Each structure stands twice: as structure tokens, then as C-alpha cells.
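>
There are 2 protein chains.
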Amino acid sequence: MRILLTNDDGIYAPGIAALKHQIQDLGQITVVAPAIEQSGVGHSITFSQPLRIREVHLNKEFVGYGVSGSPADCVKLAIHEIMENKPDVVISGLNMGANVGIHILYSGTVAAAVEAAIMGFPSIAVSFEITEHYADVHDAAKVARNVIERIIKHKLPRGSLLNVNIPSRPANQIKGIKITRQFAHDFKETFDKRTDPGGKAYYWLMGTDKLIHHEEGTDLSAVNEGYISITPLRYDLTDHAMYKKIEGWDWKHIIPEK
Amino acid sequence: MRILLTNDDGIYAPGIAALKHQIQDLGQITVVAPAIEQSGVGHSITFSQPLRIREVHLNKEFVGYGVSGSPADCVKLAIHEIMENKPDVVISGLNMGANVGIHILYSGTVAAAVEAAIMGFPSIAVSFEITEHYADVHDAAKVARNVIERIIKHKLPRGSLLNVNIPSRPANQIKGIKITRQFAHDFKETFDKRTDPGGKAYYWLMGTDKLIHHEEGTDLSAVNEGYISITPLRYDLTDHAMYKKIEGWDWKHIIPEK
């Protein structure tokens with residue numbers, strides 16, 4: 118079993134180290150992750166500047182490859198240039214913070230898994246909801262390992278993609294697993310407008326810290342209620358429900374007469 | 118009619134200027150776009166540094182607001198901080214280059230429209246396939262205007278999102294309009310490995326220039342064949358087909374006994 122492990126928090130982040138430690142007996146693990154943190158970069162890719170790959174060592178031990186780009190870049194480079202043989206599964210995480218609802222779209226962690234799925238590899242994004250009440254990444258990585266092991270055992274099909282979120286509580290207080298759908302509503306973000314010492318305005322994006330929406334069956338409510346959330350995702354964004362409606366519109370005379 | 122106009126090529130790009138010129142009689146247009154080019158940034162958002170808004174003038178005329186962030190940041194800032202009244206429609210473009218297939222996921226142009234849809238506003242991403250054979254952005258903007266006008270007339274519902282691509286040919290040679298689905302396969306990208314003067318390796322991401330896949334009914338094949346492609350998109354990534362299958366897996370004993 119060949120596993121490609123990546124993330125968006127960067128190759129020095131505690132989440133990827135904890136997860137690597139927990140899954141190292143599952144197979145041969147290659148770590149290819151951003152050299153610096155890439156949270157919130159979404160599915161960005163780098164084509165207007167070249168990418169560098171650097172071997173990363175910690176305490177004289179080889180950790181993996183640090184890439185000067187996004188999580189999606191890491192997956193592309195790992196599969197095309199770094200790994201001698203293709204991975205059997207791509208795992209992205211353990212992210213420090215939940216990736217639920219529309220945050221899935223902003224998440225580099227999820228984007229890495231999406232990129233792997235596009236390239237035809239089964240992939241799993243794994244995130245850990247960190248709160249002020251609980252943030253033991255090692256405990257969360259143990260839970261993540263159990264989930265990953267089960268997913269691998271069930272042979273995730275080619276190009277399939279699961280988004281896993283682990284709630285912020287000790288493993289023995291997690292209520293169970295829920296298979297969920299993405300919570301697809303606005304999170305009501307705002308900006309905090311401030312003035313710099315020179316008198317000019319600047320704006321901080323303000324997320325809502327702990328979300329209070331409750332829509333049964335969603336990733337958001339599952340994590341809020343203390344369950345592990347597993348959401349199968351796809352990367353075909355076509356809105357088939359809207360398709361027929363648009364087809365029925367009057368599209369004549371858009372093009373100038375020939 | 119209030120229109121928010123944005124893009125990912127940046128506020129000084131020719132595509133946004135050409136499109137603004139063509140649609141200026143449709144309503145009151147507010148331009149809020151990245152201060153510098155943001156192609157390929159996907160749905161990235163900026164929360165680890167603050168954002169700046171700068172009034173942009175060209176030839177002493179007020180053009181709009183340049184934002185030190187991504188296209189998604191522009192939409193958030195425009196709606197929360199810049200526009201006095203909410204927009205009736207958000208338009209992202211005219212992008213210099215097609216956004217079809219999985220490139221939709223990498224596109225800042227599409228991400229801006231997705232962001233608007235999430236916030237509850239109807240939105241349209243418009244891109245122009247530029248080739249060595251044809252790249253007249255003013256001609257393309259005229260076609261884009263006709264499509265946009267028709268979409269507005271049909272009252273795109275709240276939160277709906279259309280991805281429009283205009284083929285690289287003179288308007289009078291465009292074959293017509295096709296309502297399409299996203300082409301959802303890998304584009305077989307590769308890397309060009311080079312060596313810098315210091316002897317170290319670097320990697321350029323290589324896209325395929327003109328795609329040769331033909332899968333009838335997709336955005337990619339429509340544009341390749343000379344049609345305007347209109348694809349309704351959604352931002353709920355849940356794979357409902359996979360959902361039932363995953364639910365049937367054995368999920369017992371993942372959590373340590375209490």
C-alpha cells in the first residue's frame with residue numbers, strides 16, 4: 118500500500134506529523150506538503166512561477182518533500198515528479214481546524230484531495246475541529262487512523278473523495294460516525310475595519326467561530342453534535358437541476374447574423 | 118439594476134474594461150477587482166493578513182476599487198463594505214482565457230461568481246477562449262453582453278450561477294449557444310523540469326494548450342466546436358450517488374469504547 122500524505126498547514130505542522138505517526142504501519146508513506154502554510158488557498162495552482170522541491174529533515178531524520186506552492190501543486194508534483202510509483206490512496210491532513218460547509222471550497226486540505234481524485238486516485242481529506250476546549254491532535258490522529266483504515270479496507274473506488282471531520286473532544290467522548298452532506302449556506306462572515314497608524318483603512322475577514330446553524334444531516338451539525346462527519350464529495354460542479362431550466366430560455370439572436 | 122463587476126485578471130486587465138464598456142447601459146456598475154492578477158488562485162480567501170481597498174483611476178477617470186486580495190475577497194468586500202446597496206447581479210469577467218472542465222476549480226473568475234452565489238446573489242462568470250488565431254476582446258465583450266442581457270431578462274434565481282465561455286473566433290463565426298455540463302476528466306498536465314544557473318531544479322506546470330477531448334455535451338467540446346458554452350454550476354460538492362454506498366460500509370468500533 119503506497120500512501121501520499123499532504124496537507125495545507127505546511128510540512129512542519131503538528132497535524133501531518135501526528136497523522137503520519139499513526140498511519141505509518143498502513144503502508145509506505147511519502148510526505149509531500151507545502152513548505153509554508155497554505156490555509157485558505159482553496160484549489161489554487163501555481164503556473165506563473167516555477168515550483169521548487171526541498172527535502173525536509175527534522176532532528177536529522179528525513180520527513181518528506183516541502184513544495185513552494187499550494188496543496189494542489191503538491192499532489193501534482195508528488196505524482197508526476199516525486200513518487201516512483203503511483204499512490205494507492207492520497208490522504209490530506211490532519212488539518213488543524215474543521216473543513217465543513219462552504220469552508221470546503223476555501224480549504225487547501227480538501228483541494229489536495231480533490232486534485233488527487235481528478236487525477237484518478239482515491240483520496241481522503243481529514244480535518245480536526247480545534248476549539249479552546251479541546252485540541253489534542255495526537256488523540257484526533259488516532260481516531261483519524263481508525264477511519265482511514267476502514268475506508269482503505271472498503272476499497273474507496275478510483276477518483277472517489279471523502280471529506281472527514283473529527284469533532285473537538287476526547288476520542289472516548291465522540292458519539293459516533295455520521296455520513297453527511299455539505300452544509301451549503303452562507304456563514305455570514307463580516308469584516309473588521311481598522312485604521313493603521315498612517316490613518317488608512319484595512320479590513321480583517323471575520324469568520325464566525327463556532328457555527329450555530331443546525332440543519333440535520335449536514336457535516337456542520339454532525340461535528341457540532343460531537344460526531345465524526347464523513348461526506349462523499351465530487352468535483353463536477355454542474356447543476357443538473359438548473360440545466361433543463363436554462364435550456365428552456367430564449368437563446369435566439371445572441372449571435373450577430375452571419 | 119445594480120451590477121457588481123469583478124474578475125481575476127486584475128482591475129487593469131483589458132477584459133474587464135471591455136466588458137464594462139459593453140454593459141454600462143444595463144445598470145449601475147460597481148467595479149471591485151484584484152489590484153494585481155490572481156489567475157489560478159481558485160477559491161482562495163485572505164484571513165491571515167488584512168485587506169486594502171484602493172480607488173483606481175485611469176486617465177483621471179474613476180474606474181473602480183482595487184483590492185489587495187483574491188476574487189472571492191473582492192466579492193465579500195464589495196458586498197459588505199463598498200456597495201451601499203446590494204447588487205442585483207454579480208458578473209465576473211471577461212476572463213482572458215476559457216474556464217472549462219476542471220479548470221473551473223482553479224479559476225478565480227469562477228470562484229468570484231461562486232462566492233456571490235453562496236452569499237445569495239445571482240452571478241455569471243464569463244470567459245473568452247484566447248488563441249493565437251483570435252483574441253479580439255472587444256468583439257468577445259459584445260457577445261458576452263448579449264448573453265448577459267438575456268440571462269438578466271430571464272431573472273436568474275437567487276444564488277444561481279452560470280459559467281459562460283465564448284469561443285476564440287469572430288462573433289459572426291460563432292455557431293450558436295450550447296447549454297453544457299462540466300467536462301470532468303483530468304487534463305493530463307505535466308511538469309517541465311529545468312535547472313537554474315546554480316544547478317538546482319525547478320518545475321513549470323505545463324497545461325495542454327488546446328484540448329483535444331471530445332465528449333459531447335460538455336463545456337470543453339462546445340467551445341472547441343465554436344459554440345458559446347453556458348453551464349449552470351452549484352457549490353454543494355456532496356456526491357449523493359456515493360452517499361448511500363458509504364452509509365452501507367461497516368462503521369462499527371471506530372470510536373474507542375466509552
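In order, the protein sequence lines correspond to chains A and B. Residue numbering for the first sequence follows my numbering, starting at 118 and increasing by one per position. Residue numbering for the second sequence follows my numbering, starting at 118 and increasing by one per position. The beta-carbon is built from N, C-alpha and C at its ideal position, and this holds for glycine as well. Here the structure is a predicted model, which is why all the values come from computation and not from measurement.
For THR297 (chain A) and GLY210 (chain B), what's the separation of their Cα atoms in angstroms?
So the alpha carbons of these two residues sit roughly 34 Å apart.
> Listed from N- to C-terminal order along the chain, which residues in the region 352-365 of chain B have their beta-carbon within a distance smaller than 7 Å of any beta-carbon of chain A?
Here the close residues are TYR352, ASP353, LEU354, THR355, ASP356, MET359, TYR360, ILE363, GLU364.
> Can a CB atom of chain B be found closer than 8 Å to the CB of GLU342 (chain A)?
Not closer than 8 Å to any Cβ of chain B, the Cβ of GLU342 (chain A) fails to qualify, so no.
> My assumption, with CB atoms under 8 Å, is that ASN136 (chain B) sits in contact with ALA258 (chain B). Please give the rounded CB distance.
First, the residue type needs correcting, since residue 136 (chain B) is Leu and not Asn in the sequence shown. Right, the Cβ-Cβ distance comes to about 5 Å (below 8 Å), so this counts as a contact.
> In the structure shown, what three-state DSSP assignment does SER338 (chain A) receive?
Looking at SER338 (chain A) - three-state DSSP - the assignment turns out to be helix.
> Fully enclosed by the region 196-237 of chain A, which beta strand (DSSP E) runs are 3 residues long or longer?
Qualifying beta strand (DSSP E) stretches, in chain order: 206-213.
> Is there at least one Cβ from chain B nearer than 8 Å to HIS255 (chain A)'s Cβ?
False, the Cβ-Cβ gap to chain B never drops below 8 Å.
> For a minimum of 3 consecutive residues, which ranges assigned as the beta strand (DSSP E) are wholly contained in the region 290-365 of chain A?
Listed in chain order, the complete beta strand (DSSP E) runs (minimum 3 residues) inside the region 290-365 of chain A are 293-296, 307-312, 318-323, 344-350.
> In chain B, which residues lie less than 8 Å from GLU198 (chain A) when you measure between Cβ atoms?
Result: PHE308, LYS310, TYR320.
> DSSP three-state call for HIS174 (chain A): helix, strand or coil?
Of the three classes helix, strand and coil, the one that applies to HIS174 (chain A) here is strand, per DSSP.
> Based on the DSSP output, what are the partners of ASN282 (chain B) in its beta bridges?
Paired residues: B:SER244, B:SER346.
> So with Cβ pairs under 8 Å, would you call GLN299 (chain A) a contact of chain B?
Closer than 8 Å to some Cβ of chain B, the Cβ of GLN299 (chain A) qualifies, so yes.
> GLN145 (chain B) lies in the beta strand (DSSP E); which residues open and close that run?
Unbroken beta strand (DSSP E) run through GLN145 (chain B): 145-151.
> Strictly under 8 Å for the Cβ-Cβ distance: is TYR251 (chain A) near chain B by that measure?
False, the Cβ-Cβ gap to chain B never drops below 8 Å.
> My output table needs one value for VAL254 (chain A): the three-state DSSP class, helix, strand or coil.
Three-state DSSP puts VAL254 (chain A) in a helix.
> In or out: ARG171 (chain B) buried (at least 16 other Cβ within 10 Å) or exposed?
So ARG171 (chain B) ends up on the exposed side.
> Going by DSSP, what residue range makes up the alpha helix (DSSP H) through ILE133 (chain B)?
Element bounds for ILE133 (chain B): 131-140.
> Are the C-beta of ASP303 (chain A) and some C-beta of chain B separated by less than 8 Å?
Interface residue, yes.
> Given a cut-off of 8 Å on the beta-carbon distance, is the pair MET200 (chain A) and ILE247 (chain A) in contact?
Against a cut-off of 8 Å, the Cβ pair of ILE247 (chain A) and MET200 (chain A) comes out as no contact.
> According to the neighbour-count rule (16 or more other Cβ atoms, all chains shown, within 10 Å of its Cβ), is PHE179 (chain B) buried or exposed?
Exposed: under 16 other Cβ atoms inside 10 Å.
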